[in-house]
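My numbering puts the first residue of the sequence shown at 97, with every later residue one more than the last. Quick reminder that beta carbons are idealized off the backbone N, C-alpha and C, glycines included. A quick note: this is a predicted structure, and the numbers were derived from the prediction, not measured. One structure below.
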Amino acid sequence: MSGIKAYYDDDYIAHRRHSDWGIMRRFFERSMDRLDASKEDIVARYVPLGSSRRLLDVGCGAGTFAARLRRRHGVEAVGLDFKELSDLPSFADVEFRCGLLYDHDFGEERFDLITMWHFLEHDYDPARSLRTSRELLTGDGRLVAEVPRLDSVTFTMYGDRWPGLQAPQHTALYSRQTLINMVERAGLEVLEYLPYGAFPAYFYLFTGAAFRLLKGRGLNLKRAIIPYAIGQALLSPLLVFERRLNLAMQTVVCRRAT
97 MSGIKAYYDD DYIAHRRHSD WGIMRRFFER SMDRLDASKE DIVARYVPLG SSRRLLDVGC
157 GAGTFAARLR RRHGVEAVGL DFKELSDLPS FADVEFRCGL LYDHDFGEER FDLITMWHFL
217 EHDYDPARSL RTSRELLTGD GRLVAEVPRL DSVTFTMYGD RWPGLQAPQH TALYSRQTLI
277 NMVERAGLEV LEYLPYGAFP AYFYLFTGAA FRLLKGRGLN LKRAIIPYAI GQALLSPLLV
337 FERRLNLAMQ TVVCRRAT
């Protein structure tokens with residue numbers, strides 16, 4: 097674990113405080129709010145959210161999504177991450193647990209909703225994590241998992257500059273079929289496959305182009321904010337159809353197989 101943690105230092109984007117972004121703070125907060133709202137929109141289609149519901153957000157990062165469901169719906173929320181993040185602001189209202197999903201002792205606890213937002217591509221044993229999540233679901237519980245899609249337009253466009261490769265943090269890549277196969281082998285049934293996710297596909301369109309242009313040199317997000325916004329505005333007519341174009345992301349909604 098100590099070796100893995102070296103790849104996720106305090107500058108890793110999913111673990112940073114809003115205050116760490118300096119002059120970009122407002123932009124970052126708006127972006128995270130939109131992302132969390134998109135996640136909420138997806139899960140609310142499959143699980144009635146309310147104070148009687150229990151959420152486990154695996155790979156929760158800064159915990160803003162779990163905190164949003166807690167604040168807006170009264171959901172009993174638990175965030176799990178392998179890195180100690182309990183001092184981040186979101187965990188004032190969300191229970192934080194540190195460790196790996198399959199090593200954690202949940203006892204008799206069960207959850208109505210388990211989410212894995214861009215977790216499985218980081219996981220060293222995703223099949224085991226999925227099997228564990230199956231055992232943690234209530235009888236009518238749902239698992240929602242989003243990952244980058246290998247057989248996507250952006251991978252075809254950018255190849256070895258595709259942002260979804262992201263070594264060494266990303267340890268696995270998923271096409272539509274490999275994701276479905278792995279989920280089903282874990283004893284889960286795919287209720288719905290979505291050729292998109294909460295995470296904006298435009299981020300992959302922009303960063304893939306930037307990585308190709310920079311030829312391996314690092315991308316400074318603070319300097320890129322203006323061209324990022326301009327590109328997003330120019331592509332806005334295309335992005336209206338994001339959910340139909342298989343641009344970058346994919347999501348599966350699952351339940352325990354009978």
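Straight-line Cα distance separating residue j from residue i
{"i": "Ala353", "j": "Ser148", "result": "24 Å"}
{"i": "Leu275", "j": "Ala241", "result": "10 Å"}
{"i": "Ala163", "j": "Arg130", "result": "14 Å"}
{"i": "Phe123", "j": "Glu136", "result": "20 Å"}
{"i": "Pro323", "j": "Pro144", "result": "39 Å"}
{"i": "Gly175", "j": "Ser225", "result": "15 Å"}
{"i": "Val279", "j": "Glu338", "result": "24 Å"}
{"i": "Leu334", "j": "Thr160", "result": "29 Å"}
{"i": "Tyr298", "j": "Leu343", "result": "8 Å"}
{"i": "Tyr108", "j": "Gly283", "result": "No answer about Tyr108 holds up, because its pLDDT of 48 lies below 50 and its placement is not dependable."}
{"i": "Pro244", "j": "Leu196", "result": "21 Å"}
{"i": "Phe215", "j": "Asp256", "result": "21 Å"}
{"i": "Leu246", "j": "Ala268", "result": "10 Å"}
{"i": "Leu184", "j": "Leu165", "result": "17 Å"}
{"i": "His111", "j": "Tyr300", "result": "In this prediction, His111 has a pLDDT of 48, which is less than 50 and means its spatial position is unreliable; what the coordinates show is noted afterwards. So the alpha carbons of these two residues sit roughly 20 Å apart."}
{"i": "Arg167", "j": "Leu152", "result": "15 Å"}
{"i": "Leu330", "j": "Val336", "result": "12 Å"}
Beta bridge counterpart(s) of residue i as assigned by DSSP
{"i": "Pro244", "result": "Met345"}
{"i": "Trp213", "result": "Glu242"}
{"i": "Tyr270", "result": "Arg245"}
{"i": "Phe207", "result": "Leu233"}
{"i": "Phe192", "result": "Gly175"}
{"i": "Leu315", "result": "Paired residues: none, contrary to the question."}
{"i": "Leu284", "result": "Arg352"}
{"i": "Leu290", "result": "Thr347"}
Residue i versus the options, residue with shortest Cα-Cα distance
{"i": "Pro296", "options": "Ser134, Arg121, Ile322, Phe124", "result": "Ser134"}
{"i": "Gly157", "options": "Arg238, Tyr298, Val349, Phe178", "result": "Phe178"}
{"i": "Gly170", "options": "Gly155, Ser248, Val190, Thr303", "result": "Val190"}
{"i": "Gly203", "options": "Ala188, Leu232, Trp213, Ser182", "result": "Leu232"}
{"i": "Leu310", "options": "Leu335, Cys350, Trp258", "result": "Trp258"}
{"i": "Val348", "options": "Arg168, Arg238, Arg227", "result": "Arg238"}
{"i": "Ala61", "options": "Glu285, Phe302, Gln262", "result": "In the structure as shown, the chain starts at 97 and stops at 354, and residue 61 therefore has no counterpart that could be examined."}
{"i": "Arg141", "options": "Thr250, Pro264, Leu290", "result": "Leu290"}
{"i": "Thr250", "options": "Ala320, Phe307, Phe215, Leu184", "result": "Phe307"}
{"i": "His200", "options": "Gln273, Ser229, Gln262", "result": "Ser229"}
{"i": "Glu285", "options": "Asp236, Tyr220, Thr252", "result": "Asp236"}
{"i": "Trp213", "options": "Ser182, Asp132, Gln273", "result": "Asp132"}
{"i": "Tyr270", "options": "Gly314, Ala320, Arg227, Asp219", "result": "Asp219"}
{"i": "Gly312", "options": "Arg126, Tyr254, Glu180, Ser332", "result": "Tyr254"}
CB-CB length for residue i against residue j, believed under 8 Å
{"i": "Phe207", "j": "Arg150", "result": "5 Å"}
{"i": "Gly293", "j": "Met345", "result": "3 Å"}
{"i": "Cys350", "j": "Leu287", "result": "6 Å"}
{"i": "His266", "j": "Glu205", "result": "Not a contact, Cβ separation roughly 29 Å."}
Heavy atom of the ligand GDP within 8 Å of residue i beta-carbon
{"i": "Val336", "result": "Among the components of this structure there are no ligands whatsoever, and the ligand GDP is therefore not found."}
Mind listing, in chain order, the continuous alpha helix (DSSP H) runs of no fewer than 4 residues lying wholly within the stretch 110-188? 121-140, 160-169
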